[in-house]
Amino acid sequence: MSSVHLPSFYQRILDNLSDAVLLFDKSLCLIYINMTGEMLFAVSARQVLGLRARSLFLANDPMIERDLNRVLESGVSFTKRNVVFALTLHPITVNLAVTPLTEDKAPPAVLVQLQQVDRHLRISMEEQLLSQQNAARMLLRGLAHEIKNPLGGLRGAAQLLDRELADDEQREYTKIIIEESDRLQSLVDRMLGPNKPPQKNLLNIHRVLERVRQLVQVEARAGVSIVRDYDPSIPSLYGDSDQLIQAILNIVRNAAQAVGEQGKITICTRIQRQVTIGHQRNKLAVKIDVIDDGPGIAPDIMGQIFYPMVTGRAEGTGLGLSIAQSLINQHGGLVECSSSPGNTVFSIFLPLE
Ligand SMILES: Nc1ncnc2c1ncn2[C@@H]1O[C@H](COP(=O)(O)OP(=O)(O)OP(=O)(O)O)[C@@H](O)[C@H]1O
Ligand SMILES: [Mg+2]
């Protein structure tokens with residue numbers, strides 16, 4: 580037996596389970612792996628079907644074959660909790676369940692289920708962080724709102740005074756009041772953040788990205804190149820084109836500012852399957868990576884960059900990422916970031932359903 584063929588209905592059920600499901604024959608060769616399993620091991624079924632258990636689990640669990648054999652021989656299932664695997668880039672923690680399948684007619688096999696437990700921990704941490712960032716944003720909105728009204732009055736009064744004054748030298752002062760009020764007004768407007776719900780239409784994400792690329796290319800230094808690595812097969816998605824441009828522009832603009840005189844920014848799109856965003860599991864999502872080879876995010880602000888008013892730039896207001904995050908959240912999406920000198924990656928996930 581080299582692999583198991585299932586009716587498509589059962590195949591769909593297995594692929595939609597949040598647990599990885601693997602089936603080994605009696606010589607401990609892999610005969611089935613579901614989609615969650617492929618993602619967990621970062622392999623495709625085609626590459627690994629037929630492989631021995633020990634080469635699939637590699638150094639993660641040298642005892643795996645002994646365990647599986649014991650289950651096959653004894654017919655008794657076993658579970659191991661909180662096993663740490665270094666299968667992907669980050670170590671993951673799983674609960675392992677091994678069950679013998681011994682029926683009269685079918686050849687004996689052993690079923691292995693892996694339930695990723697740290698995913699639940701990660702989701703609740705993400706939620707806590709998002710709600711803190713939302714609270715900071717609400718506080719700032721409240722403050723901006725309080726400033727907005729008196730500011731209007733101040734500007735109006737300066738304008739009236741400006742008309743009354745005959746002396747040009749004195750009118751210099753009213754001019755300063757008006758100009759500074761306008762500057763404050765635009766800051767307050769940004770602090771208030773996106774104020775309308777998204778007007779969603781079917782859109783091509785690459786149109787949005789091309790617009791962003793053109794805008795940033797114009798304002799960036801001559802030595803900055805923006806490279807495209809798009810997957811053209813990505814289907815259309817529902818979104819507010821202006822808001823997505825704004826959100827992604829804030830992220831790509833940061834990258835251009837970070838690289839300075841010379842550098843490379845890559846905008847990469849890929850399809851992702853079975854992505855968990857908050858509590859929602861999405862069958863399909865688009866992942867947009869904005870990668871730059873600049874100096875990286877300063878370690879002292881790394882954990883706070885999505886909070887409003889956190890900035891590492893002298894002329895920055897620290898609102899760009901907070902606005903980007905709230906726009907992307909309104910689209911049911913998520914932004915993540917990882918950074919080291921020479922390699923900063925902002926990943927935007929948007930659901931495709
Ligand atoms: N690609 C990046 N490389 C290095 N640091 C970054 C990068 N993106 C963001 N940062 C850091 O995160 C900070 C916050 O970014 P954010 O866009 O929120 O605010 P800002 O750029 O400072 O100001 P604003 O966008 O409001 O003009 C930046 O000041 C910068 O220090
Ligand atoms: Mg910015």
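Counting from 580, one number per residue, gives the positions in the sequence shown under my numbering. Beta carbons: idealized from backbone N, C-alpha and C, even for Gly.
### Message
What does the alpha-carbon distance come out to for the pair G616 and C916?
### Response
A straight line joining the alpha-carbon of G616 with that of C916 spans about 25 Å.
Around the C-beta of P930, are 16 or more other C-beta atoms found within 10 angstroms, so that it is buried, or is it exposed?
By the neighbour-count rule (16 or more Cβ atoms within 10 Å), P930 is buried.
inquiry  = Between the alpha carbons of Q590 and V600, how many angstroms are there, rounded?
reply    = Q590 and V600 have their C-alpha atoms spaced approximately 11 Å apart.
Item checked: Coarse secondary structure for L744, derived from DSSP in three states -> Note: L744 maps to coil in three-state DSSP.
Q: Going by CA-CA distance only, name the one from K862, G875, N661 that's closest to G839.
A: Closest in alpha carbon position to G839, among K862, G875, N661, is G875.
*asked:* Please enumerate, following chain order, all residues with a beta carbon closer than 5 Å to at least one heavy atom belonging to ligand 2.
replied: With 5 Å as the limit, the residues whose C-beta approaches any heavy atom of ligand 2 more closely are N833, G899, in sequence along the chain.
- Message: According to DSSP, is T923 part of a helix, a strand, or is it coil?
- Response: The answer is strand: DSSP assigns T923 an E or B state.
request  = Grab the span of the alpha helix (DSSP H) containing L900 for me, first residue to last.
outcome  = Boundaries of the alpha helix (DSSP H) harbouring L900: 899-909, taken from the DSSP string.
Helix, strand or coil, according to DSSP, for P729 in the structure here?
In the structure shown, P729 adopts helical secondary structure according to DSSP, grouped into three states.
request  = Count the C-beta pairs between the segment 806-820 and the segment 845-861 that are closer than 8 Å, then say yes if the count reaches three, no if not.
outcome  = Short answer: they touch.
Note down, in chain order, each residue of its chain lying with its Cβ closer than 8 Å to the Cβ of S656, except the 5 sequence neighbours on either side. Listed in chain order, the non-local C-beta contacts of S656 below 8 Å within the same chain comprise V650, A676, V677, T678, P679, local neighbours out to five positions each way being set aside.
* Asked: Out of curiosity, what's the CA-to-CA distance linking Q851 and D871?
  -> Straight-line spacing of the CA atoms in Q851 and D871 works out to 21 Å.
message = Any contact between the segment 875-895 and the segment 812-829? By contact I mean 3 or more CB pairs, one from each, below 8 Å.
response = Result no; under three Cβ-Cβ pairs closer than 8 Å.
From which residue to which residue does the alpha helix (DSSP H) around S804 run?
-> Where S804 is concerned, there is no enclosing alpha helix (DSSP H), although the beta strand (DSSP E) it sits in stretches over 802-808.
| field | G899, buried or exposed, once every other Cβ within 10 Å from all chains shown has been counted against 16 | value | G899 counts as buried, since no fewer than 16 other beta carbons sit within 10 angstroms of its beta carbon.
* Pull up the DSSP beta-bridge partners for I850, would you. => The partner list for I850 (beta bridge, DSSP) reads V865.
*Alpha carbon to alpha carbon, what distance is there between S710 and K862?*
Between K862 and S710, the C-alpha separation is close to 25 Å.
Leaving out the 5 sequence neighbours to the left and right, which residues in its chain are closer than 7 Å to S606 when beta-carbon positions are compared?
For S606, there are no CB contacts under 7 Å within the same chain when 5 residues up- and downstream are skipped.
- Excluding sequence positions up to five away, which residues of its chain have a Cβ less than 7 Å from the Cβ of R734? Excluding sequence positions up to five before and after R734, its CB lies within less than 7 Å of the CB of I757, S760, all in the same chain and listed in chain order.
Problem - Given P878 as reference, the closest of T923, L906, Q909, E894 once Cα atoms are compared - result: Just measuring C-alpha positions, the residue of T923, L906, Q909, E894 sitting nearest P878 is T923.
Going by CA-CA distance only, name the one from R645, V696, K659 that's closest to L653. Looking at the sequence itself, residue 653 is Ser, so the reference to Leu does not match. Measuring from the Cα of S653, the nearest candidate turns out to be R645.
*Going along the chain, which residues of its own chain have a beta-carbon closer than 7 Å to the beta-carbon of A631, five neighbours each way excluded?*
It is worth fixing the name first, because residue 631 is Arg in this sequence and not Ala. Here the set comprises L607, C608.
Point to revise | Supposed contact pair V689 and N674 - C-beta distance, whole angstroms, cut 8 Å | key: At roughly 17 Å, the Cβ-Cβ gap does not stay under 8 Å, so N674 and V689 are not in contact.
(request) Have a look at R790 and I784 and give me their C-alpha separation to the nearest angstrom. (result) So the two alpha carbons sit approximately 10 Å from each other.
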